[in-house]
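Residue numbers (this note's numbering), protein chains in the order written: chain A, 1 to 333; chain B, 1001 to 1327.
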Amino acid sequence: MTEPPSGTHPRVSREHVLHLLAQMIRIRRFEEKCAELYTQEKIRGFLHLYIGEEAVATGVMEALAPDDAVVATYREHGHAIVRGIPMTKIMAEMYGKQEGCSHGRGGSMHIFDAGTRFYGGNAIVGGGLPLAIGLALADKMQKRRRVTACFFGEGAAAEGEFHESLNLAALWKLPVLFVCENNRYAMGTALDRSESETDIHRKAESYRIASQAVDGMNVVDVEAAARQALAAVRETGAPHFLECRTYRFRAHSMFDAQLYRDKAEVEAMREHGPIKRLTEWAEATHFIHAGDLERVEAQVAEEVDTAVAFAEAGTWEPLETLTRHVMAEEARP
Amino acid sequence: MSAVETTYREAVRAAIREAMLKDERVFLMGEDVGRYGGCYAVSMGLLEEFGEERIRDTPLSESAFTGAGIGAAMGGMRPIVEVMTVNFSLLALDQIMNTAATVRHMSGGQFGVPVVIRMATGAGKQLAAQHSHSLEGWFAHIPGIRVLAPATLEDARGMLWTALEDPDPVLIFENALLYNMKGQMAADAGPVDIDKAAVRRAGDQVTLITYGGSLFKTLEAAEALAKDGVAAEVIDLRTLRPLDDATIMASVRKTRRAVVVDEGWRSGSLSAEISARITEQAFWDLDAPVGRVCSAEVPIPYAKHLEAAAIPQVPGIVQAARETLGR
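So this is what it looks like as structure tokens:
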């Protein structure tokens, strides 16, 4: 890791480094527990793990304000956790319990939370981009200075909605931070097998959107880039595009045997993992001290245990309420 | 209050205008709605009155602008999205079905999508297969949305505001042949109920169930039947989802015979659904099988005579009604 940035960049203090590390560890340990619970059949459905990509959600979310909106994908546990949705409610949602953040109606792929303006949890690749455009349009039309952060994978760049949405955002000058989480594989298809232009940020440039690529395995770089981008969006009202180059260490989903990539490649990337890199750098620069990491791990282990206990103790929604939440329950005027 | 002459087009425009004046959160967006005045001239003049922020021309990007309407609704606005025809709405189907219709449920009731999406539907203008279909029955299949089909001037004028007040997504299908329809309407016509079907003509021998562009053909057929001594009751569904079973069954129990007239294709159609519901709920009251008059199982052709033959017409409706009476 290079020297920490300065000026308008994030304050790199011992406290902040520990915080970033703890956030990434919270995501990592939560998801490792989810994988374990999946094999125990406590969690079902599709389970898409974010392990390896923690720096992206952590860095971007650090820079967002509480009243900004977040639109995420089906690989969104990490976003939900660092956005501030209680881990208990997220875990209960994984179980399908009514105490979950989507009351058991969404599951792993559809985490929603009105309190933190977390608009899902969208399992249609590219489907969240038009939604983000609309949220930003609503802010602009109501003269609110909020930003909508829209996360999506590089696979979305192949969808028409990506292009339609980038065009609209630039044309209408909407306050959207596009965050492309380029993990190099769209499900099981490598980027160069699916895209003629593999520099995704260049696609945004063609729509005249300010755009940059950033090392998505380096949380400090991501946070710095996100802070600069968000400052620009707030200043100009215009969209900004961040391509965060990252890697997922786990399979696309729990059903994926990963026949499309070498184990050696995964192992090599693990060596550059975001938690490992930040830890090593923080130790070398003495930002963290002996015992710090152990303390963080212990706190996170306790948080995960509490979340699992909460989910286990959760209750199933009664069958009589099956058709709730299809239409509004309040009477129409 | 005195009546004024108006057209269906003017009634829709008046409804949009009124909504824009009533609520600052309301805005219209879609292809050609601004500078051009709307491809069916519905929004003519509104850009001058309300400006580009609120009468918003969009690129040819059905998915993105429909999705933007959905997002804007979730963000506190009350958008009216105009899709040029139902055929093009298929490019936005992902947003309508996978987002608008599902968000409330997937979020456990935390987020609603109060968007109104208007589109033209139906055949009769020799626009061939990619501009003439009636797919509102498909949309009526989807839980999580409401589907309206205003046939009369009063409904064209009144349904929009009620739809905008609805906390859920509402799709409004306007039959393209109705835009030029002229008639008298109360000068103070305002919002209407969108829950109930309407009995447009009373009768006690056969129930003709229809909506939208087929309503006037069905009323004409009922007139022809009356001359022949057959008293047909005509029901205008008005709302295709949720269906007003009560009005349908009350009529069928009275007349003991029913014919569904639907410009959609017969297979897997709204007419199939209505027929099945009548069988489920009123089978023992029936004196004859439920009849259906639908579009032929063919993409709507261009040539005028073929197009006319492909969609429900008065003689076919009269014939189907007679068959239920064994005449």
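Beta carbons are placed, not taken as given, at the ideal position from N, Cα and C, and that holds for glycine.
Owing to the predicted nature of the structure, the values given are computational and were not obtained by experimental measurement.
Handout entry: Neighbouring residues, chain A, relative to B:I1070 (Cβ below 9 angstroms)
Key = Residue 1070 of chain B sits at position 70 when you count from the first residue of the second sequence. Simply P130, L131 and G134.
Exercise for the section: Can you grab the Cα-Cα spacing for the pair A:T352 / A:L21, in whole Å? Expected result: A query on residue 352 of chain A cannot be resolved here, the shown segment of chain A reaching from 1 to 333 and no further.
Practice task
Give the DSSP-derived three-state secondary structure of B:T1058 in the structure shown.
Solution key: Numbered from 1 along the second sequence, position 58 holds the residue referred to as residue 1058 of chain B. For B:T1058, the three-state secondary structure derived from DSSP is coil.
Problem - As assigned by DSSP and simplified to three states, the class of B:M1044 - result: Here the question's residue 1044 of chain B lines up with position 44 in the second sequence. Here B:M1044 sits in coil by DSSP.
Problem - Member of B:V1086, B:F1088, B:A1092 and B:E1048 whose CA lies at the smallest distance from the CA of B:G1069 - result: Your numbering for residue 1069 of chain B matches position 69 in the second sequence. That would be B:A1092, whose Cα lies nearest to the Cα of B:G1069.
Exercise for the section: Compare the C-beta of B:M1074 against all C-beta atoms of chain E and say whether one is closer than 8 angstroms. Expected result: The structure shown has no chain E; the protein chains it does contain are A and B.
Exercise for the section: Taking only beta carbons into account, state which residues of the stretch 68-95 of chain A come closer than 9 angstroms to chain B, listed in chain order. Expected result: Those residues of the stretch 68-95 of chain A that come within reach of chain B (Cβ to Cβ, closer than 9 angstroms) are A69, V71 and E93.
Practice task
Count the CB pairs spanning the stretch 176-192 of chain A and the stretch 152-165 of chain A that are closer than 8 angstroms, and state whether there are at least three.
Solution key: Taking 8 angstroms as the limit for Cβ pairs, the verdict is that the stretch 152-165 of chain A does touch the stretch 176-192 of chain A.
Practice task
Would you mind giving the Cβ-Cβ distance between A:C244 and A:V266, rounded to the nearest angstrom? I have them listed as a contact below 8 angstroms.
Solution key: Along the first sequence, read from residue 1 onward, the residue named residue 244 of chain A stands at position 244. Along the first sequence, read from residue 1 onward, the residue named residue 266 of chain A stands at position 266. With a beta-carbon spacing of about 19 angstroms, A:C244 and A:V266 fall beyond the 8 angstroms limit used to define contacts.
Problem - Beta-carbon gap between A:A282 and A:V17 smaller than 8 angstroms - result: As a working mapping, residue 282 of chain A is identified with position 282 in the first sequence. As a working mapping, residue 17 of chain A is identified with position 17 in the first sequence. Using a Cβ distance threshold of 8 angstroms, A:A282 and A:V17 count as a contacting pair.
Practice task
Determine the burial state of B:Q1180: buried for a count of at least 16 other Cβ atoms within 10 Å of its Cβ, exposed for fewer.
Solution key: Residue mapping note: residue 1180 of chain B aligns to position 180 of the second sequence, counting from 1. Sequence check: residue 1180 of chain B is Asn here, not Gln. Counting Cβ neighbours within 10 Å, B:N1180 comes out exposed, since fewer than 16 surround it.
Exercise for the section: Please report how far the alpha carbon of B:E1136 lies from the alpha carbon of B:L1286, in whole angstroms. Expected result: On the second sequence, residue 1136 of chain B is found 136 positions in, with the first residue counted as 1. On the second sequence, residue 1286 of chain B is found 286 positions in, with the first residue counted as 1. Spanning the two alpha carbons is a distance of roughly 28 angstroms.
Problem - chain A contact for B:P1059 (CB, 8 angstroms cutoff) - result: Walking along the second sequence from the start, residue 1059 of chain B turns up at place 59. Output row for B:P1059: interface = yes.
Exercise for the section: Determine, using beta carbons only, whether B:A980 comes closer than 8 angstroms to chain A. Expected result: For residue 980 of chain B there is no data in the structure shown, the boundaries of chain B being 1001 and 1327.
Exercise for the section: Specify, as a first and last residue, the run of the beta strand (DSSP E) that B:V1116 falls within. Expected result: Position 116 of the second sequence, counted from the start, is the residue given in the question as residue 1116 of chain B. Boundaries of the beta strand (DSSP E) harbouring B:V1116: V1116 to T1121, taken from the DSSP string.
Exercise for the section: Figure out for me which residue from A:Y38, A:Q23, A:V60 and A:E271 has the closest Cα to the Cα of A:V344. Expected result: Limits of chain A in this structure are 1 at one end and 333 at the other, which puts residue 344 of chain A out of reach.
Handout entry: Per-residue DSSP class, three states only, for A:T2
Key = Taking the first residue of the first sequence as position 1, residue 2 of chain A is located at position 2. Caution is warranted here: a pLDDT of 42 is assigned to A:T2, below 50, making its placement in the model unreliable, and no coordinate value can be reported.
Practice task
Note down the Cα distance separating A:R28 from A:I209, rounded to an integer number of angstroms.
Solution key: Residue mapping note: residue 28 of chain A aligns to position 28 of the first sequence, counting from 1. Residue mapping note: residue 209 of chain A aligns to position 209 of the first sequence, counting from 1. If you draw a straight line from the Cα of A:R28 to the Cα of A:I209, it is about 33 angstroms long.
Exercise for the section: Note down, in chain order, every chain A residue with its Cβ under 8 angstroms from the Cβ of B:S1089. Expected result: Your numbering for residue 1089 of chain B matches position 89 in the second sequence. The premise fails here: B:S1089 is roughly 14 angstroms from chain A at the closest Cβ pair, so nothing lies under 8 angstroms.
Exercise for the section: Note down, in chain order, every chain A residue with its Cβ under 7 angstroms from the Cβ of B:A1064. Expected result: Locating residue 1064 of chain B in the second sequence gives position 64, counting from the first residue. The contacting residues are P130, I133, E161, E164, S165 and L168.
Exercise for the section: Would you kindly report the start and end of the unbroken beta strand (DSSP E) that includes A:Q212? Expected result: Along the first sequence, read from residue 1 onward, the residue named residue 212 of chain A stands at position 212. Annotation: the continuous beta strand (DSSP E) that includes A:Q212 extends over A210 to D215.
Problem - Same chain, Cβ closer than 7 angstroms to B:H1331, neighbours up to 5 away in sequence not counted - result: Within the shown structure, residues of chain B are numbered from 1001 to 1327, placing residue 1331 of chain B beyond reach of any answer.
Exercise for the section: Could you list which residues in chain B have their beta carbon closer than 9 angstroms to that of A:A328, in chain order? Expected result: Taking the first residue of the first sequence as 1, we reach residue 328 of chain A at position 328. The contacting residues are R1104, G1109, G1112, P1114, D1166, P1167 and D1168.
Practice task
Return the CA-CA distance between B:L1028 and A:A169, expressed in angstroms with no decimal places.
Solution key: Here residue 1028 of chain B corresponds to residue number 28 of the second sequence, with the count starting at 1. Here residue 169 of chain A corresponds to residue number 169 of the first sequence, with the count starting at 1. Their backbone Cα atoms lie some 17 angstroms apart in a straight line.
Problem - Contact with chain A by B:M1185, beta-carbon distance below 8 angstroms - result: Numbered from its first residue, the second sequence carries residue 1185 of chain B at position 185. No, no contact with chain A.
Problem - Proximity of B:P1169 and B:V1115 at Cβ, strictly below 8 angstroms - result: Within the second sequence, numbered from 1, the residue matching residue 1169 of chain B stands at position 169. Within the second sequence, numbered from 1, the residue matching residue 1115 of chain B stands at position 115. Result yes, Cβ atoms of B:P1169 and B:V1115 sit closer than 8 angstroms.
Problem - For B:R1017, the three-state DSSP class (helix, strand or coil) - result: The residue you call residue 1017 of chain B lines up with position 17 of the second sequence. In this structure, DSSP gives B:R1017 a helical state, which the three-state scheme calls helix.
Practice task
Identify the contact partners of A:A114 in chain B, using a Cβ-Cβ distance below 8 angstroms as the criterion.
Solution key: Position 114 of the first sequence holds residue 114 of chain A. In chain order, S1107, Q1110 and F1111 make up the part of chain B whose C-beta sits under 8 angstroms from the C-beta of A:A114.
Exercise for the section: Report the three-state DSSP secondary structure of B:G1291 (helix, strand or coil). Expected result: Translated into the one-based positions of the second sequence, residue 1291 of chain B becomes position 291. Assigned with DSSP and collapsed to three states, B:G1291 falls in strand.
Exercise for the section: May I ask which residues mark the beginning and end of the beta strand (DSSP E) holding B:E1174? Expected result: Translated into the one-based positions of the second sequence, residue 1174 of chain B becomes position 174. First-last of the beta strand (DSSP E) with B:E1174: V1170 to N1175.
Exercise for the section: Compare the Cα-Cα distances from B:E1307 to each of B:S1295, B:P1315 and B:G1316 and report the closest residue. Expected result: For the purposes of this step, residue 1307 of chain B is taken as the residue at position 307 of the second sequence. The candidate whose alpha carbon is nearest that of B:E1307 is B:S1295.
Handout entry: Cβ-Cβ distance between B:V1259 and B:R1238 below 8 angstroms
Key = Residue mapping note: residue 1259 of chain B aligns to position 259 of the second sequence, counting from 1. Residue mapping note: residue 1238 of chain B aligns to position 238 of the second sequence, counting from 1. For B:V1259 and B:R1238, no; Cβs fall outside 8 angstroms.
Handout entry: A:P130 versus A:A123 - alpha carbon distance
Key = Here residue 130 of chain A is taken as the residue at index 130 of the first sequence, counted from 1. Here residue 123 of chain A is taken as the residue at index 123 of the first sequence, counted from 1. One C-alpha to the other measures close to 14 angstroms.
Practice task
Can you give me the Cβ contacts of B:L1325 inside the same chain, cut-off strictly under 8 angstroms, excluding the 5 residues immediately before and after it?
Solution key: For the purposes of this step, residue 1325 of chain B is identified with residue 325 of the second sequence, where counting begins at 1. Apart from the 5 residues on each side of it in sequence, B:L1325 sits with its Cβ closer than 8 angstroms to the Cβ of Q1205, V1206, V1230, R1257 and A1288 in its chain, given in chain order.
Exercise for the section: Quick one: grab the DSSP three-state call for A:M327. Expected result: Against the first sequence, residue 327 of chain A aligns to sequence position 327. Coil, per DSSP.
Problem - Simplified DSSP assignment, three categories, for A:Y353 - result: Given a span of 1 to 333 for chain A in the structure shown, any question on residue 353 of chain A remains unanswerable.
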